[in-house]
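Everything in the sequence shown is counted per our numbering, starting at -11 for the first residue and increasing by one. The beta carbon of each residue, even a glycine, is placed where N, CA and C say it ideally should be.
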Amino acid sequence: MTKRARVRAPELRGRTWINTGGKELTLADLRGRIVILDFWTFCCINCLHVLDELRELEERHRDTVVVIGVHSPKFVHEADHQAVVDAVERYEVHHPVLDDPELATWKQYAVRAWPTLVVIDPEGYVVAQHAGEGHAHAIEKLVEELEAEHGAKGTLRRGDGPYVPPEPVPTALRFPGKALVLPSGNLLVSDTTRHRLVELEPDGETVVRHVGAGERGLVDGPAEEARFSEPQGLALLPDRSVVVADTVNHALRRYDPATGEVSTLAGTGRQWWQGSATSGPAREVDLSSPWDVAWWADRLWIAMAGIHQLWTYDPDAETVAVAAGTTNEGLVDGPADQAWFAQPSGLAADGDRLWVADSETSALRRIERADDGDGDGDGDGFVVRTAVGTGLFDFGHRDGAADQALFQHPLGVTVLPDRSVAVCDTYNHALRRYDPATGEVSTLATDLREPSGAVLVDGDIVVVESARHRLTRLRLPEEAVRVESVAHRTQREATEVAPGRLRLDVVFQAPPGQKLDERHGPSTRLLVGSTPPELLADGAGQGTDLARELTLADGVTEGVLHVSAMAASCDDAPDVEYPACHVHQQDWGVPVRVTPGGVSRLPLVLAGMDDEEA
């Protein structure tokens, strides 16, 4: 058994508990169990990936392990208690959740990123911390060690956990995602939480049929037997079949309304990781949480929310390929292969433009053909431009000129008849409008509950009110609603750093029984950048060492450090020819404030414990 630092776990403090039947939990209540704290927020796609990673571990160790979700909000809307309750149901979180809107427990555990997992042993000591995705295998190995150690000591307590499921609510739809008008005039809706599609009559209420068995899975076949996993975006192909962004299956599915058959177009069912193929035969390339799809420029475009990119699918060649984005999270315009996105979640085609709802930057972006100067209009690629939005940490509800306007985590875009764009401003519970002709943003409707998509029907707009579990039909107003302007920044406190040199340490310790995989060169990668770029005088760029000396520029007093780290580890078994390997990765956006009394070292834990802070 590896010797570990003994750090007593701080108490769990927040506003209230969910999934406990009304009981408030303390660490004393959990003594004798292995506790995994999952610091998450429901806007974060990486957090949703971790929820899925933990499902099997929870099931296999249900009598020894208690997972506790600690909901730590980024956006103002995520601090609303009912919104957290909705998210717990929407994403099928089957463990207790502490609603912590003031980030009290986040601060006590010195968490710096969503998602972060903290493991507490049966005696109440913190024994490991992991940031980002890909750690389920390592945590399971640790759980097995802790079960053996504390079983032998007599300090392990087995039995049922404190989870109390909520009462189910009967509704025709449950947290629907997107909608599509079929050639028949009926509406097709992704009934996300029930893992199916629902066809409705044009009234938006009368159910025609269900597509999918209503249980999570990746199964092709007739409508009543097929299975999806949290489907979202829908788009018509030229052959009038429907493409479904099957988000948690990391796949694109095809639904034929004429026959009711469901098949798989793209994806393997596995999540894409750094180093995976970025193009090739569609059924052989991994995808990552495709959230929306749209037909544009003779291709199907895919909002690949899980890795902050746009991909395309070519139905003739049956291939997929990256079209825009670098996998770095942020807001950077320019040539498509250099642009940065942040969880693109909505797409809408309009002739020579593809509009993108870039949710984590609360931005409206567009893709256009680049001008190669030869006058033939075909371009030599694509370029990304931002219409509304400034970055990862600024959001709100502000109308007016586009360079001052603010959204809050929009998930959907719809092109209106006058070529303006309706934006489902999800966390503002509003439908907004951007007019490219005037550069103005206005509000079309309020009092919608987490709108996530919209379609035009006979001159009206039908909005998917996800958190009200329904479609709502609105007449497009001649005049916009007047809304009092509000602006917000994320509640995360800035880290105070000293001017001059700053040592960045990404802490990574290979899990028990594993070692760094250096068979094909360095097994680690570190990419550092900043907003504004002038914040760093030296130290930006890519390298293989997880430690780096940064130099902060004179005269820049605050900003955000963008850090992306990856480490690959393999089972340390000399007698095994092909050991199992695992990729651990995380992106951090760390707000910093330069002050003479600040720290000169910034530790970011990817996996393990920071010995210098223990």
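C-alpha distance - I108 paired with E306, whole-angstrom precision
Within the sequence shown, residue 108 is the residue found at index 120, counting from 1. Within the sequence shown, residue 306 is the residue found at index 318, counting from 1. So the two alpha carbons sit approximately 47 Å from each other.
Alpha carbon to alpha carbon, how far is T434 from S217? Give it in angstroms, no decimals.
Residue 217 sits at position 229 when you count from the first residue of the sequence shown. Residue 434 sits at position 446 when you count from the first residue of the sequence shown. If I take the Cα positions, the gap works out to 30 Å.
Can you name the residues that DSSP bridges to Y113?
Taking the first residue of the sequence shown as position 1, residue 113 is located at position 125. Answer is R(-4).
Assuming S60 contacts L25 under a Cβ cut-off of 8 Å, what Cβ separation, rounded to an integer in Å, is found between them?
Position 72 of the sequence shown, counting from 1, holds the residue named residue 60. Position 37 of the sequence shown, counting from 1, holds the residue named residue 25. Between S60 and L25 the beta-carbon gap is near 10 Å, outside 8 Å, which marks them as no contact.
Of the listed residues V544, L380, G427, A535, nearest to C31 (C-alpha basis):
To locate residue 31, count along the sequence shown from 1; it is residue 43. The shortest Cα separation from C31 among V544, L380, G427, A535 belongs to L380.
Taking only runs of the beta strand (DSSP E) that begin and end inside the region 50 to 111, which ones reach a length of at least 3 residues, in chain order?
The DSSP assignment places 53 to 59, 85 to 87, 104 to 108 as complete runs of the beta strand (DSSP E) inside the region 50 to 111, in order along the chain (cut-off: 3 residues).
Let me confirm a value: S454 is counted as buried when at least 16 other C-beta atoms fall within 10 Å, else exposed. Which label applies?
Within the sequence shown, numbered from 1, the residue matching residue 454 stands at position 466. Buried, because 16 or more other Cβ atoms sit within 10 Å of the Cβ of S454.
When you compare the CB positions of S440 and C412, do they come within less than 8 Å of one another, or not?
Translated into the one-based positions of the sequence shown, residue 440 becomes position 452. Translated into the one-based positions of the sequence shown, residue 412 becomes position 424. Their beta carbons are under 8 Å apart, which means S440 touches C412 by this criterion.
Can you check DSSP and say which residues form a bridge with T256?
In the sequence shown, counting from the first residue as 1, residue 256 sits at position 268. T256 pairs with nothing; no bridge assigned.
Taking the alpha helix (DSSP H) that D40 belongs to, which residues open and close that run?
In the sequence shown, residue 40 corresponds to position 52, counting from 1. That run of the alpha helix (DSSP H) goes 33 to 48.
Residues in the same chain with beta-carbon distance under 7 Å from Y151, minus the five sequence neighbours each way, listed in chain order, please.
Your numbering for residue 151 matches position 163 in the sequence shown. Within the same chain, Y151 has close Cβ partners N7, H82, H83, P84.
Under 8 Å Cβ to Cβ from S511, same chain only, skipping five residues before and after it: list those, please.
In the sequence shown, residue 511 corresponds to position 523, counting from 1. Excluding positions up to five away in sequence, the list reads L504, D505, A555, A556, S557.
Look at the alpha carbon of L444 and the alpha carbon of V450, and state the distance between them as a whole number of angstroms.
Stepping through the sequence shown from its first residue, residue 444 is reached at position 456. Stepping through the sequence shown from its first residue, residue 450 is reached at position 462. So the alpha carbons of these two residues sit roughly 6 Å apart.
Does the beta carbon of L168 come closer than 8 Å to any beta carbon on chain B?
No chain B is present in this structure, which holds just one protein chain.
Helix, strand or coil at H572 according to DSSP, with G and I counted as helix
As a position in the sequence shown, residue 572 is number 584, starting the count at 1. Strand, per DSSP.
Whole beta strand (DSSP E) runs in the region 385 to 453 with 3 or more residues, listed along the chain?
Runs found: 400 to 403, 409 to 413, 418 to 423, 428 to 433, 439 to 445, 448 to 453.
Does the region 69 to 83 come into contact with the region 97 to 114, if we say contact requires no fewer than three beta-carbon pairs (one atom in each stretch) closer than 8 Å?
no
Where does R463 sit, in a helix, a strand or coil, going by DSSP?
For the purposes of this step, residue 463 is taken as residue 475 along the sequence shown, with counting starting at 1. If DSSP states are grouped into helix, strand and coil, R463 belongs with the strands.
Is it the case that the Cβ atoms of A678 and L492 are separated by a distance below 8 Å?
Any question about residue 678 goes unanswered here, given that the chain covers just -11 to 602.
Under three-state DSSP, which class holds D364?
In the sequence shown, residue 364 corresponds to position 376, counting from 1. Below a pLDDT of 50, predicted positions are generally treated as unreliable, and D364, at 45, falls in that range; no measurement from the model is reported.
When DSSP labels each residue in this structure, what does T181 get in the three-state scheme?
The sequence position of residue 181 within the sequence shown is 193, counting from 1. Here T181 sits in helix by DSSP.
For A211 and T4, I'd like the C-alpha separation in whole angstroms.
The residue you call residue 211 lines up with position 223 of the sequence shown. The residue you call residue 4 lines up with position 16 of the sequence shown. Near 41 Å, if we compare the C-alpha coordinates of T4 and A211.
Quick check on V131: does DSSP put it in helix, strand or coil?
On the sequence shown, residue 131 is found 143 positions in, with the first residue counted as 1. Note: V131 maps to helix in three-state DSSP.
Do you know how far the Cα of L594 is from the Cα of Q117?
Within the sequence shown, residue 117 is the residue found at index 129, counting from 1. Within the sequence shown, residue 594 is the residue found at index 606, counting from 1. The straight-line gap from Cα to Cα measures roughly 8 Å.
Distance, Cα to Cα, V452 vs T314?
For this step, residue 452 is matched to residue 464 along the sequence shown. For this step, residue 314 is matched to residue 326 along the sequence shown. If you take the alpha carbons of V452 and T314, they lie about 31 Å apart.
Who are the Cβ neighbours of G596 in its own chain at under 6 Å, not counting the five residues just before and after it?
By one-based count along the sequence shown, residue 596 stands at place 608. These residues qualify, in order along the chain: V495, Q497.
Contacts around F463, its chain only, beta-carbon distance under 7 Å, and the 5 residues preceding and following it disregarded:
In the sequence shown, the residue the question calls residue 463 occupies position 475. Sequence check: residue 463 is Arg here, not Phe. Contacts found: D448.
So, with DSSP's three-state summary, where would you put A136?
As a first step, residue 136 is located in the sequence shown; it is residue number 148 there, counting from the start. Three-state result, A136: helix.
Helix or strand or just coil, what does DSSP make of R455?
Working through the sequence shown from its first residue, we reach residue 455 at position 467. In the sequence under discussion, the amino acid at residue 455 is Ala, which differs from the Arg named in the question. Three-state DSSP puts A455 in a helix.
Stretch-stretch touch, CB-based, cutoff 8 Å, three pairs: the region 379 to 395 with the region 418 to 432:
Using a C-beta cut-off of 8 Å, the region 379 to 395 makes contact with the region 418 to 432, since at least three inter-stretch Cβ pairs fall below that distance.
What's the call for T235, buried or exposed, on a 16-neighbour Cβ count within 10 Å?
Walking along the sequence shown from the start, residue 235 turns up at place 247. Result: buried.
Give the list of continuous beta strand (DSSP E) stretches no shorter than 3 residues that lie fully inside the region 512 to 539.
512 to 519, 524 to 526, 529 to 531
Mind checking whether A330 and T349 have CB atoms under 8 Å apart?
Looking up residue 330 in the sequence shown gives position 342. Looking up residue 349 in the sequence shown gives position 361. Contact: yes.
Since G596 is in the beta strand (DSSP E), which residue starts that stretch and which ends it?
Mapped onto the sequence shown, residue 596 falls at position 608. That run of the beta strand (DSSP E) goes 589 to 596.
Give the DSSP-derived three-state secondary structure of K503 in the structure shown.
On the sequence shown, residue 503 is found 515 positions in, with the first residue counted as 1. The answer is strand: DSSP assigns K503 an E or B state.
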